[in-house]
Amino acid sequence: MTTLTINFFASLREELGASAETLPLPAQVTNVGQLVDHLVDIRGERWAALQDKSRVLVAVDQTIVPRSHVLRGGEEVAFFPPMTGG
Amino acid sequence: MTTLTINFFASLREELGASAETLPLPAQVTNVGQLVDHLVDIRGERWAALQDKSRVLVAVDQTIVPRSHVLRGGEEVAFFPPMTGG
Amino acid sequence: MILVQTQDFDIAEQYCGLREEAANAGAIVTFTGLVREFYESTTTLEPRVESLFLEHYPGMTEKALVDIETQARARWDVQACRVIHRVGELRGGDQIVYVGVASTHRGDAFAAAEFIMDYLKTRAPFWKRQSTSAGAQWIESRAADEAARERWVTDKTDPDVPH
Amino acid sequence: MILVQTQDFDIAEQYCGLREEAANAGAIVTFTGLVREFYESTTTLEPRVESLFLEHYPGMTEKALVDIETQARARWDVQACRVIHRVGELRGGDQIVYVGVASTHRGDAFAAAEFIMDYLKTRAPFWKRQSTSAGAQWIESRAADEAARERWVTDKTDPDVPH
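Chains as they are written, first to last, in the working numbering: chain A, 1236 to 1321; chain B, 1236 to 1321; chain C, 482 to 644; chain D, 482 to 644.
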């Protein structure tokens, strides 16, 4: 079974109480949107925050991607709120 | 009889061999365009360079004005090529 | 040159570097971002900012900034470019970000510097948390920043816009 | 603050002044113009510029720059502003002009600084004469500079356009 590295940043990290972890990638999860749904399934409703596309951005291997981005296993996935640098 | 102060700058100053002078203002000269025509009349064809609106700008009392700007006497008039500062 | 660092930077040193690198530049445009002591608040109360913490995503930050600089160099004449972003704990009035661009003409220098800032604001993974007498809170992103970035998008099917 | 001077200026000193004057600025944009060693030529020959002489119209220069700064302050949030233009004899690589603007947000700082430069280029009475090994000549105005200024004109019957 392949795994994913998942990182959470800023307000999302505090809200979910999670910063970095390794997660097994189930066979039925083939893209980012499905990964989010899977996290809500196994962790509970609080994680539904990840489903709000306007409030949560996703990067795979350090590049911002849409929810339709395909996952093959081994990727570094990150969830975070819109950036506020500069 | 009222007078005008006339200044010439940059390439125009060199071209006309004139930098600053005081000129009596004839009664028939009531605006900048007429002043230019008057200068060509009394100084000769070389001064027709002043008639080219795209190559010669005019300032009256240190503000850029169109050729239709009215002259009453006592003004400081300046002729110069398009600016190239900065 | 891209730097992500906790320490402060010296704008005179950066400017000298840009002048040395850019052989025949006619224009240098610099942007410096400062920590404001009062941020817009959703309430009418605007407590004074005591400190600001800059979190970032190490690795992706540098990658995003290099990508933004590369895009700017592809679109405009950029003879030299420097981007510095601080992370960690900052105080009101502190310098937070620097962008310097040297170009042959001023139009390119202005456009490239503003482009880099607009993309940096919305595409580089930095997040600000401010601490005031009323407690700590994460600063919300501004719709104006996303709008500023979208001005530069010529291909509206740009794949970097998440959907 | 408007300065027309023969001596050089220190961008670090100007920047410190802007930070001190602007109480709650979040953005400082600066433009510095440098004497390029090679200007575009109408011929294919481009001799190296040995020196550049900046002539101006004393009195009108200051008046034009104050007017440009006033227009910028009317259109954008400008907390502090500095414009310095050198006149007289300059050499390749020398600093020639400085514009610094401090604003609450970056959009205003970028727009005001670029506006000031675009107007300064076409509305402030400065003229450049360059000396090269091929002799001295007055630099021709660029149509691109006039076009850059016209971008900012919202009222197309603007009386400052000569006709």
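Glycine included, C-beta positions come from ideal geometry on N, C-alpha and C.
Bear in mind that the values here come from a model prediction, so they are computed numbers and not experimental data.
Same chain, Cβ closer than 7 Å to residue i, neighbours up to 5 away in sequence not counted
{"i": "TRP608 (chain C)", "result": "GLU536, TRP619"}
{"i": "VAL642 (chain D)", "result": "Caution is warranted here: a pLDDT of 49 is assigned to VAL642 (chain D), below 50, making its placement in the model unreliable, and the coordinate value is therefore given only provisionally. Nothing meets the Cβ criterion."}
{"i": "GLY574 (chain C)", "result": "LEU515, VAL516, GLU518"}
{"i": "VAL485 (chain C)", "result": "HIS537, THR542, GLU543, HIS566, VAL568"}
{"i": "GLY1320 (chain B)", "result": "none"}
{"i": "HIS1273 (chain B)", "result": "PRO1261, VAL1264"}
{"i": "LEU499 (chain C)", "result": "ILE509, ALA561, ARG563, GLY581, ALA583"}
{"i": "GLU494 (chain D)", "result": "none"}
{"i": "GLU570 (chain D)", "result": "SER532, PHE534"}
{"i": "ALA503 (chain C)", "result": "GLN560, ALA561, ALA583"}
{"i": "HIS644 (chain D)", "result": "Low per-residue confidence applies at HIS644 (chain D): pLDDT is 42, beneath 50, and the placement is therefore not dependable, though the value from the model is reported in the following sentence. Once the five neighbours on either side are set aside, HIS644 (chain D) has no close Cβ partner at all."}
Own chain residues within Cβ distance below 8 Å of residue i, not counting five before or after
{"i": "GLY1268 (chain A)", "result": "ARG1302, SER1303"}
{"i": "GLY1309 (chain B)", "result": "THR1237, THR1238, LEU1239"}
{"i": "ASP489 (chain D)", "result": "ARG567, ASP575, GLN576"}
{"i": "ALA1283 (chain B)", "result": "VAL1275"}
{"i": "VAL1312 (chain B)", "result": "LEU1239, THR1240, ILE1241, ASN1242, VAL1267, LEU1270, VAL1293, ALA1294, VAL1295, LEU1306"}
{"i": "TYR496 (chain D)", "result": "ILE509, THR511, GLY581"}
{"i": "LYS1288 (chain B)", "result": "ARG1302"}
{"i": "VAL1300 (chain A)", "result": "VAL1267, VAL1293, ALA1294"}
{"i": "GLN1297 (chain B)", "result": "GLU1311, ALA1313"}
{"i": "GLU1249 (chain A)", "result": "none"}
Whole-Å CB distance - residue i paired with residue j, under 8 Å assumed
{"i": "ALA433 (chain C)", "j": "ASP599 (chain C)", "result": "Given a span of 482 to 644 for chain C in the structure shown, any question on residue 433 (chain C) remains unanswerable."}
{"i": "LEU1292 (chain B)", "j": "PRO1317 (chain B)", "result": "6 Å"}
{"i": "ALA506 (chain C)", "j": "THR585 (chain C)", "result": "7 Å"}
{"i": "SER475 (chain D)", "j": "ARG529 (chain D)", "result": "With chain D represented from 482 up to 644, any question about residue 475 (chain D) goes unanswered, as that position is not in the structure."}
{"i": "PRO606 (chain D)", "j": "PHE1315 (chain B)", "result": "6 Å"}
{"i": "ARG1281 (chain B)", "j": "LEU1247 (chain B)", "result": "11 Å between Cβ atoms; not a contact."}
Among the options, the one whose alpha carbon lies nearest that of residue i
{"i": "VAL582 (chain C)", "options": "C:LYS544, C:ALA545, C:TRP557, C:GLU627", "result": "C:TRP557"}
{"i": "THR660 (chain C)", "options": "C:ALA503, C:GLN552, C:SER612", "result": "A query on residue 660 (chain C) cannot be resolved here, the shown segment of chain C reaching from 482 to 644 and no further."}
{"i": "HIS566 (chain C)", "options": "C:ARG572, C:VAL559, C:GLU543", "result": "C:GLU543"}
{"i": "SER532 (chain C)", "options": "C:TYR496, C:SER612, C:ALA624, C:GLU627", "result": "C:SER612"}
{"i": "VAL578 (chain C)", "options": "C:GLU501, C:LEU546, C:ALA592", "result": "C:LEU546"}
{"i": "SER1254 (chain B)", "options": "B:ALA1262, B:PRO1261, B:ALA1245", "result": "B:ALA1245"}
{"i": "VAL1264 (chain B)", "options": "B:VAL1312, B:VAL1305, B:GLU1280", "result": "B:VAL1305"}
{"i": "ARG623 (chain D)", "options": "B:ARG1290, B:LEU1258, B:GLY1279, B:VAL1275", "result": "B:ARG1290"}
{"i": "GLY540 (chain C)", "options": "C:ALA508, C:ALA493, C:ILE483", "result": "C:ILE483"}
{"i": "THR487 (chain C)", "options": "C:ALA493, C:GLU501, C:GLU494, C:PHE534", "result": "C:PHE534"}
{"i": "LEU1258 (chain B)", "options": "B:LEU1247, B:ARG1278, B:GLU1249", "result": "B:ARG1278"}
{"i": "PHE491 (chain C)", "options": "C:GLU627, C:VAL564, C:ASP548, C:ILE549", "result": "In the sequence as displayed, the identity of residue 491 (chain C) is Asp instead of Phe. Looking at the Cα atoms, C:VAL564 is the closest of the given residues."}
{"i": "GLU627 (chain D)", "options": "D:ASP548, D:LEU499, D:LEU601, D:THR513", "result": "D:LEU601"}
{"i": "ILE549 (chain D)", "options": "D:ALA594, D:THR513, D:ARG587, D:GLU570", "result": "D:ALA594"}
{"i": "ARG587 (chain C)", "options": "D:GLU631, D:ALA625, D:ARG587", "result": "D:ALA625"}
Same chain only: Cβ atoms within 6 Å of residue i, ignoring 5 sequence neighbours per side
{"i": "ASP589 (chain D)", "result": "TRP557, ASP558"}
{"i": "GLU1256 (chain B)", "result": "ILE1241"}
{"i": "ALA592 (chain C)", "result": "TRP557"}
{"i": "PHE596 (chain D)", "result": "ALA553, TRP633"}
{"i": "ARG572 (chain D)", "result": "SER532"}
Neighbouring residues, chain G, relative to residue i (Cβ below 8 Å)
{"i": "THR603 (chain C)", "result": "Annotation note: the requested chain G is absent from the structure, which comprises protein chains A, B, C and D."}
Could you tell me which uninterrupted beta strand (DSSP E) segments, each at least 3 residues in length, are contained entirely in the stretch 532-590 of chain C, listed from first to last along the chain?
561-567, 569-571, 576-584
Can you give me, in chain order, the residues of the stretch 1258-1269 of chain B that have a beta carbon less than 9 Å from any beta carbon in chain D?
none
Which of the residues in the stretch 1243-1256 of chain A, read from start to end, lie with their CB under 7 Å from any CB of chain C?
PHE1244, ALA1245, SER1246
Would you list, in sequence order, the uninterrupted beta strand (DSSP E) runs of no fewer than 3 residues that lie entirely inside the stretch 1261-1316 of chain A?
1292-1295, 1311-1315
Give the residues from the stretch 619-632 of chain C that approach chain D closer than 8 Å (Cβ to any Cβ), ordered along the chain.
ALA625, ALA629
Name the residues in the stretch 565-598 of chain D whose C-beta lies less than 7 Å from a C-beta of chain B; which are they?
HIS566, VAL578, MET598
What runs of the alpha helix (DSSP H), each 4 residues or longer, lie entirely inside the stretch 488-523 of chain D?
492-502
With 8 Å as the limit, tell me which residues of the stretch 495-518 of chain D have their beta carbon closer than that to any beta carbon of chain B; keep them in chain order.
GLY514
Quick one: which residues of the stretch 1281-1293 of chain B get their C-beta closer than 8 Å to a C-beta of chain D? List them in chain order.
LYS1288, LEU1292, VAL1293
Closer than 9 Å between beta carbons: that is the criterion. Which residues of the stretch 528-539 of chain D meet it against chain B?
LEU535, GLU536, HIS537, TYR538
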